[in-house]
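The next block holds one structure in the form of structure tokens; read it before the comments.
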Amino acid sequence: MIILHATCVESEGRGILLQGPSGAGKSDLCLRLIDRGWRLVADDQVILNSSGSKLIGCPPISLRGLIEVRGVGILHIAHAISAPIYLVVDLVKFDSAERIPENVIWYFGSHKIPKIQICPFETSAIEKISIALKEFYNNNCNKLHL
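Printed below as a string of structure tokens:
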């Protein structure tokens, strides 16, 4: 078990881990994903546990259902208790994202998780996440395709 400074959301049983420094846009992108039907798993801190062949993300008990919305405050919203991690999204500044990335795998113990870099404030950020999930998992089958 490890706790990461990250945010986790899920859709249709697939969790994504949003990573980046404080102020990078994790909660902002999370809110936009929630608006598109995703569910919050954890904001700011994500506990990662290995469960067989899956890497599971969940919130610390004290933070379940809570999300910090800058300028508004801490809100309690509908949430999932946990989610298997299918994609890691590194949040970077616009000019820092690799145009054609080479290192597309994030390693956690024996787990290999696809990883992308995006600027969270780009209009296309959510679409890039959806495209990456489809590309890495062979158009909606849950088997990793690299």
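Reminder that position 83 of the sequence shown reads as 85 in our numbering, one-by-one numbering, no gaps.
Ideal Cβ placement from N, Cα and C applies to all residues, glycine included.
Asked, Found
"Own chain, CB closer than 8 angstroms to P62, minus 5 neighbours either side, in chain order", "I5, A44, Q47 and I49"
"Segments assigned alpha helix (DSSP H), at least 4 residues, entirely inside the stretch 19 to 87", "28 to 37"
"Residues bridged to E12 (per DSSP)", "G17 and R41"
"D97 burial status per 10 Å Cβ neighbour count (16 or more: buried)", "exposed"
"Option nearest L33 by Cα separation, candidates V74, C60 and A134", "V74"
"Buried/exposed call for E14, threshold 16 Cβ in 10 Å", "exposed"
"The stretch 20 to 27 in contact with the stretch 63 to 70 per 3-pair CB rule at 8 angstroms", "no"
"Strand pairing of Y139, partner residues [DSSP]", "Looking at the DSSP assignment, Y139 forms no beta bridge with any residue, so it has no partner."
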